[in-house]
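Data block below; observations after.
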Amino acid sequence: MRDMRYADALHAALLDEMRRDDSVVVFGEDVGVYGGVFKVTRGLQAEFGDSRVRDTPIAEQAIAGMAIGAAMVGLKPVAEIMYVDFLPLTLDQLINQASIMHYVWAGQVTLPFVLRTQGGAGTGGGAQHSKSLEAIVAHVPGLKVVMPATPADAKGLLTAAIRDPNPVIFIEHKALYNTRGPVPDGEHVVPIGPAAIARPGTDATIVANSRMVLESLEAAGELAAEGISAEVIDARTPRPLDTATILASVQKTNRAVVVNEGWRTGGLGAEISALIAEEAFDFLDAPVARLGGLDRPIPYSEPLEAEVLPDAARIAAAVRKLL
Amino acid sequence: MRVVRLIEEGLVERFREGRIRGPIHTCDGQEAVGIGVTAVLERQDLITSTHRGHAHFIGKGLDPGRVLAEIFGKETGYCRGRAGHMLIASAEHGLLGGSAIVGGALPIAIGQALGFQVQGSDRVVVPFFGDGAAHIGMFHEALNIAGLWKLPVVFVCEHNEYGLTVHARHQSPVEDIAVRAEGYGMPGIKVDGNDAVAVYRAAADAVAGARRGEGPTLIEAKTYRMTGFSTSDQGGYQPEKEMAAWRSRDPIRRLRRALAKALAKGRLDALDGEAGETVAQAFAYAEDSPLPPAEEAYAEEFAPPRGPHA
Ligand SMILES: Cc1ncc(C[n+]2csc(CCOP(=O)(O)OP(=O)(O)O)c2C)c(N)n1
Ligand SMILES: [Mg+2]
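Read top to bottom, the protein sequences are chains A and B. For what it's worth, the numbering used here labels the leading residue of the first sequence as 9, then goes sequentially. For what it's worth, the numbering used here labels the leading residue of the second sequence as 816, then goes sequentially.
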């Protein structure tokens, strides 16, 4: 085990996979000479050259399309979209092209590419640099959506994403890049699909992902001091979603709080709440509680931004209300 | 070209009889572009196509029977009936693939070309697209990057004067799409799209250059769709005089006249007969093929993993 920053764990995954497999290429805005605006791709162009690591023009539709085309002919592109807020520019390529090809072309092609991006609020990025848009892509069959919360998952899931024969939208969180945690030495692959039990508990289940896992763990810590045992599930791959782990937990605890940073209406939390209501209704001792971002653009000013986001205090309060 | 024309005539007839689900977009009048360009390509070269792709499919060597089976939604179609006539792909023939999002295949085509460049391969990619697609953002992003990185692509714009019902003069401030090539650092070639030989020559030069690593070319083939946008088109916007003028330039009749000088008497009629026979067999194959069972809708969402060390 090695203590690593989340951003360094991502960098390590890219470095290892590019060394292992010549077909892995990296392109996107500012990823080459500069090494990415969050420095995740630093040094890659120096080691692997400017054919495999390319700075692109500011052209998100082309970046997404090139990932599809290059994957189709045998490369394993890891393309970067600087902010998830720019993902809407790629949606035609993702939704009308990448997501349909394996199925509609009856398995004639596979598309082993990763679209790395980062989202989330908490750093004063304002309404066009702070959103959480995973629900938009997680809605689409044929796309995998991955959101690591810890450095270990950052490395292990990115490695799995690069090796996966399907399009993977890999959404990092800008406020997690400087967080630290243990990462296993050597090859470390975390399969895409299974959720993680971030903290076991018996009285209530908190289902979260990305930075909200950290807030949920903090809430669980507070609750433990009050004698309440909360289980935290990290639903780290919104698609495919590990429904079995979520349901098994709720069947055990009989209470559920679902937390997402994205907008509450029509968000991932709505999907997970509906899942629990449909499949575990008889086990519930209280209604499912659903926390999400306030349905507003993310405001810039610090007290306003803090107000629109779920946090540990609100999560703990939601759990207390169920008991 | 004759095979393509006969296929489309047969499709339109069957659509009218209610035997085909989707509308059919014919390329009648434009066959020389798809056939002339694909004649230059090797099997391992790739093309991307559009909603108007019958000449591209046949030119790239797909079996007419399986193309038609796909259009009839049959199990024996290239995509087992899941694609229909606008989205057909055949990896083994280098058709990857059809797309009904105007301009949507252009970013993918340059990605394929990027792949070939990184791999050091001499394969070439030819995306076909309409004049309407030249006004969408993806066109400009794709040409810019292809020009910048000297990717092995030959962009082929089939300028048939209309984007759906709106004439090009109401869609673009410039008459020729080819002039845009200069802004993206590549040659822009204008060619008579109803002259199969001229198309072939222009494509041969451009493809050879791309293969040698000299970068992309934009070819603009001036042509015309003789019977409207699709089988759903109610008409009324193409002036009769304009249509008549283009009908007199039918690319099949022009090629026939050119070939008549070179081929022995009777040979052309024999070829026409063979084309008719091919198409009749293709329709029979497609119509006799079974529909896919409904359970096939549940086919896997994702490609299976290739193991941890893929
Ligand atoms: C992005 C997008 N916008 C609109 C349409 C509807 N549409 C289908 S074909 C077409 C016209 C395309 O014109 P052009 O590219 O010149 O092709 P042509 O039909 O003339 O061959 C339009 C507007 C579409 N399919 N995709
Ligand atoms: Mg047109």
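From the three backbone atoms N, C-alpha and C, an ideal C-beta is built for every residue, glycine too. Note that the coordinates shown come from a computational prediction; the quantities given were computed from them, not determined experimentally.
- Restricted to the stretch 146-195 of chain A, the beta strand (DSSP E) segments that are unbroken, complete and at least 3 residues in length are 152-154, 176-181, 188-191, listed in chain order.
- In this model, Ala1118(B) and Ala67(A) are separated by some 28 Å (Cα to Cα).
- Within 9 Å of the CB of Gly837(B), no CB atom of chain A is found; the nearest one sits about 13 Å away.
- Here the distance from the Cβ of Tyr977(B) to the nearest heavy atom of ligand 1 is below 6 Å.
- With a threshold of 7 Å between beta carbons, Leu249(A) makes no contact with chain B.
- By the rule that beta-carbons nearer than 7 Å mark a contact, Gly868(B) does not touch chain A.
- Contact fails between the stretch 210-221 of chain A and the stretch 166-177 of chain A, because fewer than three Cβ pairs, one in each stretch, are under 8 Å apart.
- CA-to-CA, the gap between Ala162(A) and Ala216(A) works out to about 16 Å.
- Using beta-carbon distances, Leu902(B) counts as an interface residue toward chain A, with a partner under 7 Å.
- Leaving aside the five residues that flank Met9(A) on each side, the residues in its chain whose CB is nearer than 8 Å to its CB run, in chain order, Pro190, Val191, Pro192, Asp193.
- The Cβ of Arg1062(B) sits no closer than 7 Å to any Cβ of chain A.
- The Cβ-Cβ distance between His869(B) and Glu828(B) does not fall below 7 Å.
- Arg881(B) has its alpha-carbon roughly 11 Å from the corresponding atom of Val1094(B).
- For Gly844(B), the Cβ stays outside the 6 Å cut-off from all heavy atoms of ligand 2.
- Residue pairing by DSSP places Ile241(A) opposite Ile205(A), Val215(A) in a beta bridge.
- Interface residue (Cβ-Cβ distance to chain A less than 7 Å): Leu856(B) is not classified as such.
- For Ile1034(B), the closest Cβ of chain A is not nearer than 7 Å.
- For Ala228(A), same chain residues with a beta-carbon under 6 Å away, outside a window of 5 residues either side, are Arg207, Ala238, Val240 in chain order.
- With its beta carbon less than 7 Å from one in chain B, His110(A) belongs to the interface.
- DSSP, read as helix, strand or coil, puts Trp964(B) in helix.
- Residues of the stretch 266-277 of chain A that bring their beta carbon within less than 8 Å of a beta carbon in chain B are absent altogether.
- Arg298(A) and Phe46(A) have their C-alpha atoms some 31 Å from each other.
- Our two residues, Lys875(B) and Arg831(B), have alpha carbons roughly 28 Å apart in a direct line.
- Here the alpha carbons of Val117(A) and Pro318(A) stand approximately 41 Å from one another.
- In summary, the residues of the stretch 957-982 of chain B whose CB is separated from some CB of chain A by less than 9 Å are Ala957, Asn959, Ile960, Leu963, Trp964, in the order they occur in the chain.
- Between Ile76(A) and chain B, the shortest Cβ-Cβ separation is below 7 Å.
- Counting of Cβ neighbours within 10 angstroms places Phe289(A) among the exposed residues, the total staying below 16.
- Burial is judged here by how many other beta carbons sit within 10 angstroms of a residue's own beta carbon; Thr131(A) has fewer than 16 and is exposed.
- Taking 9 Å as the cut-off between beta carbons, the residues of the stretch 920-933 of chain B near chain A are Ala920, Leu921, Pro922, Ile923, Ala924, Ile925, Gly926, Gln927, Ala928, Leu929, Gly930, Phe931, Gln932, Val933, in sequence order.
- Contact between the stretch 944-962 of chain B and the stretch 993-1004 of chain B is present: three or more C-beta pairs spanning the two stretches fall below 8 Å.
- Distance check between Gly36(A) and each of Arg13(A), Asp11(A), Leu18(A), Met74(A) places Met74(A) closest, using alpha-carbon atoms only.
- With 16 or more other CB atoms across the displayed protein chains lying within 10 angstroms of its CB, Ala146(A) is buried.
- In terms of side-chain proximity, the C-beta atom of Gly947(B) is found nearer than 6 Å to a non-hydrogen atom of ligand 2.
- The Cβ atoms of Asp946(B) and His974(B) lie closer than 7 Å to each other.
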